Amino acid sequence: MRKCKRWTNEENKIIIENYEKIGTGIKKILPGRTKDSIRMQAQKLGIKKIVESEREPFQDSFGHWLAGLIDGEGSFSVYYNKNDKGPKFYPQFSLGLKFSDIVKELLETVQKKIGGKIYIQSKNSVPKSITIRIINIKDCIFLRKLLRKYKLKIKENDFKTWSEIINAKLDKNKNNFETLKNLTMKLNTNKGPKRIFYS
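Mapping the sequence shown onto this note's numbering, position 174 (from 1) lands on 707, and the numbers just tick up by one.
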């Protein structure tokens, strides 16, 4: 019986960073591996379900428009939760605007394209602001794929660090608490609103 070649850390990194290509283009990146073996390794790395959640594409005009909106009003951050099972880091994204019926309709359209949940903040029962918040890892990964195609300008560095946090979050093969902690601190040193949230 032929012995299976051990997977290297570099190969695992390639799978994690290119999960959306599993079953198609990733075979070209890992020519020494079969599609079935790549899928099995992806499952071991905990990303099989994430691949299955990929959405349908949309118009380029929407992608470029959304990237511009995120450059102006979006925020990449980390949610930190410490419980009995140990500390957990969750990458998250938010996009908030001043409330109006038109803005509400606009963000509802965006939500249908990228996922997440909508929150309306009110004062004295009067809506003041409306926010899309993405914390589900599947939605975070979809947004990352989108913004790799439709480039940011102002918040590109934030996005790159946030993407590294997603990679570290997906890496199931090692204790990566320190990596996540350091990346979170790196994201939090950028100017702007607080980017780490505790519970």
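Every residue, glycine too, gets a C-beta built ideally from N, C-alpha and C.
Values in this document were obtained by computation on a predicted structure and should not be read as measured data.
What's the gap between the Cα of Gly565 and the Cα of Lys661?
The residue given as residue 565 occupies position 32 in the sequence shown. The residue given as residue 661 occupies position 128 in the sequence shown. Spanning the two alpha carbons is a distance of roughly 55 angstroms.
Name the DSSP bridge partner or partners of Arg677?
Residue mapping note: residue 677 aligns to position 144 of the sequence shown, counting from 1. Bridge partners of Arg677: none, in fact.
Would DSSP call Gln654 helix, strand or coil?
As a working note, residue 654 is residue 121 in the sequence shown. Annotated three-state conformation of Gln654 is strand, per DSSP.
I'd like to confirm the pairing. Which residues does DSSP put opposite Gly605 in its beta bridges?
Numbered from 1 along the sequence shown, position 72 holds the residue referred to as residue 605. Looking at the DSSP assignment, Gly605 forms no beta bridge with any residue, so it has no partner.
8 angstroms contact criterion, which Phe626 and Val611 should meet: CB distance rounded
Locating residue 626 in the sequence shown gives position 93, counting from the first residue. Locating residue 611 in the sequence shown gives position 78, counting from the first residue. Actually they are not in contact, since the Cβ atoms of Phe626 and Val611 sit about 10 angstroms apart, beyond 8 angstroms.
State whether the segment 630-639 contacts the segment 678-692, with contact taken as three or more CB pairs (one from each stretch) at a distance under 8 angstroms.
Proximity of the segment 630-639 to the segment 678-692 falls short of the contact definition, fewer than three beta-carbon pairs being nearer than 8 angstroms.
Can you tell me the Cα-Cα spacing of Asp569 and Asn657, whole angstroms?
The residue labelled residue 569 in the question sits at position 36 within the sequence shown. The residue labelled residue 657 in the question sits at position 124 within the sequence shown. Approximately 57 angstroms between the Cα atoms of the pair.
What does the alpha-carbon distance come out to for the pair Ile663 and Thr642?
Translated into the one-based positions of the sequence shown, residue 663 becomes position 130. Translated into the one-based positions of the sequence shown, residue 642 becomes position 109. Linking Ile663 to Thr642 through their CA atoms gives a straight-line distance of about 13 angstroms.
If the criterion is Cβ atoms closer than 8 angstroms, does the pair Phe609 and Lys688 meet it?
Residue numbering aside, residue 609 sits at position 76 when the sequence shown is read from its first letter. Residue numbering aside, residue 688 sits at position 155 when the sequence shown is read from its first letter. Yes, the pair counts as a contact, with Cβ atoms nearer than the cut-off.
Could you check where the alpha helix (DSSP H) with Arg572 kicks off and where it finishes?
As a position in the sequence shown, residue 572 is number 39, starting the count at 1. Lys568 to Lys577 is the extent of the alpha helix (DSSP H) around Arg572.
Given a cut-off of 8 angstroms, decide if Ile665 and Ile651 are closer than it, judged by their beta-carbon atoms.
Position 118 of the sequence shown, counted from the start, is the residue given in the question as residue 651. Position 132 of the sequence shown, counted from the start, is the residue given in the question as residue 665. Pairing Ile651 with Ile665 gives a Cβ-Cβ distance under 8 angstroms.
I'd like to check one pair, Ile603 with Leu578: are the Cβ atoms closer than 8 angstroms?
As a position in the sequence shown, residue 578 is number 45, starting the count at 1. As a position in the sequence shown, residue 603 is number 70, starting the count at 1. Going by beta carbons, Leu578 and Ile603 fall outside the 8 angstroms limit.
Opening and closing residue of the beta strand (DSSP E) in which Ser696 lies
Along the sequence shown, one-based indexing puts residue 696 at 163. Here Ser696 belongs to no beta strand (DSSP E); instead the alpha helix (DSSP H) covers Glu689 to Leu703.
Quick check on Phe591: does DSSP put it in helix, strand or coil?
Position 58 of the sequence shown holds residue 591. Annotated three-state conformation of Phe591 is coil, per DSSP.
Euclidean distance between Cα positions of Leu716 and Lys645
Taking the sequence shown and counting its residues from 1, the one referred to as residue 716 is at position 183. Taking the sequence shown and counting its residues from 1, the one referred to as residue 645 is at position 112. The alpha-carbon atoms of Leu716 and Lys645 are separated by roughly 30 angstroms.
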